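In the working numbering, the protein residues as written are 22 to 341. Every residue, glycine too, gets a C-beta built ideally from N, C-alpha and C. Bear in mind that the values here come from a model prediction, so they are computed numbers and not experimental data.
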Amino acid sequence: MTDERPHGGIRLGLCCQFIDAPVRFRQATHRHVASLAPEQGRAYLASIARANAIALAHAVEVCSALGIGAFRIPSQLLPLATHPVSGYRLAELPGGHVIIASFQAAGRVAAARDVRLSFHPDQFVVLNSEREPVVTAAVRELDAMAEIAELVGAQALTVHAGSAAGGVPAALERLEHGLDRLGRGARALVALENDDRLFSVSDLLPLCERLRVPLVYDAHHHRCHPDGLSVAHATALAAATWGDREPWAHLSSPRDGWGSANPRPHADYIDPADIPDAWLDRRMTVDVEAKAKERAVLATGQAVRERRAAAAACGRGAAG
DNA sequence: GCATGTCAAGTTGTG
DNA sequence: CACAACTTGACATGC
């Protein structure tokens, strides 16, 4: 059979940053913005947004050139956009419409090069917090992210289930209510990821299936926080939650090895042994969460090709 | 200049 | 009960 992808069905993705390629996203702190006169503050934020739109287009081009088929956009793409004081909407910034056009242009590059984009908001976004203001802020953040996701054509907003206070069942019920509060855009793009301490694949699957929220399967988290499902089974069940869309998964290796006291921190590279066999013939996107960034993605691609070649030689000769 | 500390945000688990 | 982990550049401060 013919397969256009270099690593079988697997599309490998890079997370947020480059180590070699000169692509850098800018950030901002509220403290600094607040020290400026309002007009200067907005000009400063606009310059960062403009720079980050261009950086995103560059990031996509570099990924494409390297054969990397997905890119996780830094959650600080628009720094402070949802901050209670410094917050802003793109259209209100000086030159805002040019910046918007710039993000749309980056999205067209991604579409043309077939680089899949996603967001992964950081730990402050807790849709199922017991504290109302936290949930409000989480909804606000995800709605804002959905807006920019729409501009650039990003296909997923991946979040963890959040707090486990009160026990997993109660926490999942709160999560369901939190999901209900998302705007249409965010609700259509949100996906849930199993984490390494609190919510396993089997904890999340029923909710994902019932609410039609895709499950991003993180194999490293699953191995840190197992639930009785095999990696192969979890892969298949999670993939089914994506329906017609290409399933998304995350992969990393433990920095200090699986035998260490704490296997959670990520290593520079993916240990080829950590690439699940069950993934080798699947059509799926795999974000490589490794400190060596694009070097690690390229090395993982090489490892996947070798594993596939070995499997083919060992199995049915030169079958595809 | 250069090294070092701080920065919007939450939750959990350790010391 | 306080604080580190999660994680990262940019800015401010102090030498």
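{"Query": "Bounding residues of the alpha helix (DSSP H) (the contiguous stretch that carries V156)", "Result": "E153 to V173"}
{"Query": "Same chain, Cβ closer than 6 Å to C37, five either side skipped, listed in chain order", "Result": "R93 and P95"}
{"Query": "Alpha carbon of Q144 to alpha carbon of A170, nearest angstrom", "Result": "19 Å"}
{"Query": "Short Cβ contact (9 Å threshold) for W269 with P297", "Result": "no"}
{"Query": "Continuous beta strand (DSSP E) assignments of at least 3 residues falling wholly in the segment 101 to 150", "Result": "137 to 140"}
{"Query": "DSSP three-state assignment for H53, whether helix, strand or coil", "Result": "helix"}
{"Query": "For G34, the residue or residues it bridges with in DSSP", "Result": "A91 and D308"}
{"Query": "Cβ pair A311, S251 closer than 9 Å", "Result": "no"}
{"Query": "Helix, strand or coil at A186 [DSSP, three-state]", "Result": "coil"}
{"Query": "As assigned by DSSP and simplified to three states, the class of Y290", "Result": "coil"}
{"Query": "Proximal residues to L228 (C-beta, below 8 Å), its chain only, five neighbours per side dropped", "Result": "L193, L196, E197, L213 and V234"}
{"Query": "Proximity below 9 Å, CB of I31 to CB of M305", "Result": "yes"}
{"Query": "Whether D224 touches A167 by CB criterion (9 Å)", "Result": "no"}
{"Query": "3 or more residues per run - each beta strand (DSSP E) lying fully within the segment 204 to 228", "Result": "211 to 214"}
{"Query": "Exposure label - G336; buried when at least 16 CB within 10 Å", "Result": "exposed"}
{"Query": "First through last residue of the alpha helix (DSSP H) which encompasses H241", "Result": "A240 to C245"}
{"Query": "Sub-9 Å separation of H104 and H53 beta-carbons", "Result": "no"}
{"Query": "A177 - DSSP class collapsed to helix/strand/coil", "Result": "strand"}
{"Query": "Assigned secondary structure, P27 (DSSP; H/G/I helix, E/B strand, else coil)", "Result": "coil"}
{"Query": "Opposing strand residues paired with A270 [DSSP bridges]", "Result": "Y238 and V307"}
{"Query": "Local conformation of P275 per DSSP, three classes", "Result": "strand"}
{"Query": "Member of R316, N149 and V136 whose CA lies at the smallest distance from the CA of A177", "Result": "V136"}
{"Query": "Residue from N215, A320 and V211 whose Cα sits closest to the Cα of V189", "Result": "N215"}
{"Query": "L250: first and last residue of the uninterrupted alpha helix (DSSP H) it sits in", "Result": "Where L250 is concerned, there is no enclosing alpha helix (DSSP H), given that its DSSP letter is neither H nor E."}
{"Query": "Backbone secondary structure at F46 - three-state DSSP", "Result": "coil"}
{"Query": "Stretch-stretch touch, CB-based, cutoff 8 Å, three pairs: the segment 323 to 334 with the segment 56 to 69", "Result": "no"}
{"Query": "Contacting residues, own chain, Cβ-Cβ under 6 Å from Q97 (five flanking each side not counted)", "Result": "Q48"}
{"Query": "Pairwise C-alpha distance: G34 and L87", "Result": "11 Å"}
{"Query": "Per-residue DSSP class, three states only, for N283", "Result": "coil"}
{"Query": "DSSP state of S85 mapped onto helix, strand, coil", "Result": "helix"}
{"Query": "Pair within 9 Å by beta-carbon distance, L163 and L203", "Result": "yes"}
{"Query": "Sequence-distant residues of the same chain with beta carbon closer than 8 Å to E267, five excluded per side", "Result": "R32, R137, R304, M305 and T306"}
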